[in-house]
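Numbering (my numbering), first residue to last: 15 to 569.
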Amino acid sequence: MRTKYFQRKIALAICALSFILSIGWSCKKLSIVSTTTDAVNIVGYLDEHPDSFSLFRQMLSITGYDGFLSVYGHYTLFLPTNNAVKLYLQKEGKTALTDINVDTLKDLVKFHLLQDTVYTISFTDGKLPYLTMYGQYLVTGANYQNGVTHITVNKQANILVPNLREGNGVIHVIDKVLQPATSSLAQLVVNNPKYSIFGQALTETGLYDSLNILPGDNPDTTRAWVTLLAESDSVFQTQGINNYDELKAKYSNTGNPKDVADSLHLFVDYHILYNANYLADIISSSSFNTWAPTQVITTKYTGDSILINDDVFNGVHEQGVELDRAGSDISATNGVLHDAAGLIAIKKRSPFPVYWDVCQYPEIMSLPAYYGKQTYNYTLTNLPSFITDPGPAAPSYVYGGAPFVNGDYLKIPLGANRTPWVELKTPLLVQGKYKVWICYRTAGRDNVDQVSIDGVALQRTINHHTYMPSGTDAEREAQGWKVYTSPDQKNWTGYLVGTIDIQTTSQHALRFTNLQGTDNDFWLDMIEFIPVDMDQQYPRFQTDGTPVYAPVVTP
15 MRTKYFQRKI
25 ALAICALSFI
35 LSIGWSCKKL
45 SIVSTTTDAV
55 NIVGYLDEHP
65 DSFSLFRQML
75 SITGYDGFLS
85 VYGHYTLFLP
95 TNNAVKLYLQ
105 KEGKTALTDI
115 NVDTLKDLVK
125 FHLLQDTVYT
135 ISFTDGKLPY
145 LTMYGQYLVT
155 GANYQNGVTH
165 ITVNKQANIL
175 VPNLREGNGV
185 IHVIDKVLQP
195 ATSSLAQLVV
205 NNPKYSIFGQ
215 ALTETGLYDS
225 LNILPGDNPD
235 TTRAWVTLLA
245 ESDSVFQTQG
255 INNYDELKAK
265 YSNTGNPKDV
275 ADSLHLFVDY
285 HILYNANYLA
295 DIISSSSFNT
305 WAPTQVITTK
315 YTGDSILIND
325 DVFNGVHEQG
335 VELDRAGSDI
345 SATNGVLHDA
355 AGLIAIKKRS
365 PFPVYWDVCQ
375 YPEIMSLPAY
385 YGKQTYNYTL
395 TNLPSFITDP
405 GPAAPSYVYG
415 GAPFVNGDYL
425 KIPLGANRTP
435 WVELKTPLLV
445 QGKYKVWICY
455 RTAGRDNVDQ
465 VSIDGVALQR
475 TINHHTYMPS
485 GTDAEREAQG
495 WKVYTSPDQK
505 NWTGYLVGTI
515 DIQTTSQHAL
525 RFTNLQGTDN
535 DFWLDMIEFI
545 PVDMDQQYPR
555 FQTDGTPVYA
565 PVVTP
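The structure is reproduced here in structure tokens:
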């Protein structure tokens, strides 16, 4: 929900602006056509409008790139006006384009071109889906100034006229020349006095060298493009850290930060994410792997804030660190830099039990007419964000009363002629080894499912129709069964599907895959992840969700 809301706000602003501009500013009516004969090609369009674009046309002639832009293809051109090119020349201290190195002009032209057609309706507040021909991403967004909305490109230019459809692509007219990043992530940080402490940490750990490689020259393709979260000196100062030596004294446990096992080295590793993740990418996922082995950061979009590691652990809320938007989405030659408004540090945690009521999720809890009152039937187009369902059937939130925990359950129509599988995104699980219990109401027909976590199949399949055997708590637990409700209800069953070794502290994907049975509703109440060395029997839960703990045994 958070991702869709954030992108929807940006998309609506951009779409509205695009519509207005396409009507009021375009030199021609926007008409998407399927042939190449209704419009001139890109070079032809420039030749038809020399008063506006003769200087960029000259750049194409000097570089020789007018050749491929004169023939059939699919391109997107961010086209600077003559005034934009004049401003660029003035900035560079040049009087003519012929005064600029040809290779520099080639790089500039390639930075304005994508090898596919992208209209503004596809823009989001983040990177475009394709690399430029130069090899870097462009970032678009909406900028509100004096009551006017502008579509921005790379925080450098505004789009004046969008979506000019030509025979071999689309043109967006811009008011500034776009200039590619020339600094690596390492250079961006070290050369900015704002980051003097973090920059020295990069150097002293040896990670400067790892972040100072062009993607094409990096032998490790998994680390070619990266994301860096950096704290400014002012952030460190709020933590009583006034210089690098104090940072080293606090975080380096070996005295040798170049040691990959040193805690300061790991501290910096924890600030580096795989791939170039702009802000729109960050809010599209709940967690990201870092360079620190088995360590992840979690992300959350709330209100207008993008938060790192804003989590609830064992019932306690831990305040996250906000990413400062003004200082973020800074492109580098090998990735993107974000400015952290607080200290981001690895948190050492021990595994703790997670008693997950699968009906406590934001999309239903925000509907007071339904939550805790009546059934809500989902369709495949409005599924809760934590559920993935390929269809054709969709799940339902069902208010069923006692003895379901909190009186409700998730009805999942699993079966060969219904939904072959369904996947749920778990709450945050701390790295460790857990027993996984599925808590549900037994059903009237046989239906056998395989449970897997992150693609790893657990040891026991589950049959919705099988009833819990009789016996003592210990006897049933030995067979992989337990009571999870209070009071005990025969048809409400806790079933052990196996043990899983969670490798990273993160959310994970739990999937039910139907193996046998064609028509059965799975009445899922809870899923419990309990560390293997903890009590598996208690707490149990009353209908109102109150936990009931094990009786105290008096000696």
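In this text, a Cβ means the ideal position worked out from N, Cα and C, and glycines have one as well.
Could you give the C-beta distance for residue i and residue j, rounded to a whole number, given that I count them as a contact under 8 Å?
i, j, result
"E332", "N323", "7 Å"
"H479", "T456", "6 Å"
"T235", "G349", "Their Cβ separation, rounded to whole angstroms, is 13 Å, which puts T235 and G349 out of contact at 8 Å."
"K449", "L510", "6 Å"
"V153", "T90", "Wrong, their Cβ atoms sit about 14 Å apart, outside the cutoff."
"F70", "P94", "6 Å"
"Y423", "T507", "The pair is not a contact, with the Cβ atoms about 13 Å apart (cut-off 8 Å)."
"A564", "Q550", "Wrong, their Cβ atoms sit about 11 Å apart, outside the cutoff."
"G334", "K314", "6 Å"
"I401", "V436", "7 Å"
"E542", "W370", "7 Å"
"F67", "N96", "7 Å"
"V465", "F526", "6 Å"
"K425", "P409", "6 Å"
"L127", "L351", "Actually they are not in contact, since the Cβ atoms of L127 and L351 sit about 24 Å apart, beyond 8 Å."
"R459", "G531", "7 Å"
Counting only C-beta atoms, is residue i closer than 8 Å to chain C at any point?
i, result
"S266", "Considering every chain present, this structure includes no chain C. It has just one protein chain."
Could you tell me whether the Cβ atoms of residue i and residue j are closer together than 8 Å?
i, j, result
"A355", "D343", "no"
"L438", "F536", "no"
"N221", "I358", "In the sequence under discussion, the amino acid at residue 221 is Leu, which differs from the Asn named in the question. Cβ distance not < 8 Å, so L221 and I358 don't count as in contact."
"I76", "L111", "yes"
"T475", "L529", "yes"
"I286", "D247", "no"
"V57", "L83", "yes"
"N168", "S198", "no"
"P545", "F327", "no"
"A290", "W239", "yes"
"N55", "E180", "yes"
"P483", "R490", "yes"
"L142", "V132", "yes"
"P434", "P398", "no"
"K120", "I114", "no"
"N172", "Y86", "no"
"L74", "D65", "no"
"W451", "K496", "yes"
"L228", "T347", "yes"
"Q540", "Y481", "Checking the sequence shown, residue 540 turns out to be Met, not Gln. Going by C-beta atoms, M540 is not nearer than 8 Å to Y481."
"Q159", "Q193", "no"
Name, in chain order, the residues that DSSP records as bridge partners for residue i.
i, result
"K314", "L321"
"L510", "W451"
"V274", "Answer by DSSP bridge pairing: none, since V274 is not bridged."
"A346", "G349"
"D371", "M540"
"R179", "V184"
"N477", "V462"
"W495", "Y509"
"F555", "T499, P561"
"A354", "E245, L337"
"A471", "S466"
"F327", "V330"
Exercise. Is there contact here, the segment 253-265 with the segment 305-314, by at least three beta-carbon pairs under 8 Å?
Worked result: no
Exercise. Are the segment 184-192 and the segment 91-102 touching, with three or more C-beta to C-beta distances below 8 Å?
Worked result: yes
Exercise. For the segment 146-153 against the segment 295-305, are there 3 or more C-beta pairs whose distance is under 8 Å?
Worked result: no
Exercise. Would you say the segment 127-141 touches the segment 205-213, given that touching needs at least three Cβ pairs under 8 Å?
Worked result: no
Problem set entry | Stretch pair the segment 520-540 + the segment 434-447: three plus CB contacts closer than 8 Å | yes
For this session: Report yes or no: do the segment 391-411 and the segment 456-476 share at least 3 C-beta pairs separated by less than 8 Å?
Result: no
For this session: Please go through the segment 200-246 and give each complete alpha helix (DSSP H) segment of 4 or more residues, from N-terminal end onward.
Result: 210-219, 221-224
Exercise. Do three or more CB pairs link the segment 410-421 to the segment 552-563 at distances below 8 Å?
Worked result: yes
For this session: Decide yes or no for the touch test of the segment 211-221 against the segment 157-165: beta carbon pairs closer than 8 Å, at least 3 of them.
Result: no
Exercise. Below 8 Å, can you find three or more Cβ-Cβ pairs linking the segment 368-375 to the segment 272-285?
Worked result: no
Exercise. Could you give the uninterrupted runs of the beta strand (DSSP E) lying entirely in the segment 75-135, keeping only those of 3 residues or more?
Worked result: 89-94
Exercise. Which ranges does the beta strand (DSSP E) cover as unbroken runs of at least 3 residues, wholly within the segment 144-174, from first to last along the chain?
Worked result: 153-159, 162-167
Problem set entry | Uninterrupted beta strand (DSSP E) stretches inside the segment 412-465 (no shorter than 3 residues) | 422-428, 435-439, 446-455
For this session: Output the residue ranges of the beta strand (DSSP E) runs that lie fully inside the segment 523-548 and measure 3 residues or longer, sorted by chain position.
Result: 523-530, 534-545
Exercise. What residue ranges within the segment 275-311 form continuous alpha helix (DSSP H) runs of no fewer than 4 residues, ordered along the chain?
Worked result: 277-283, 293-296
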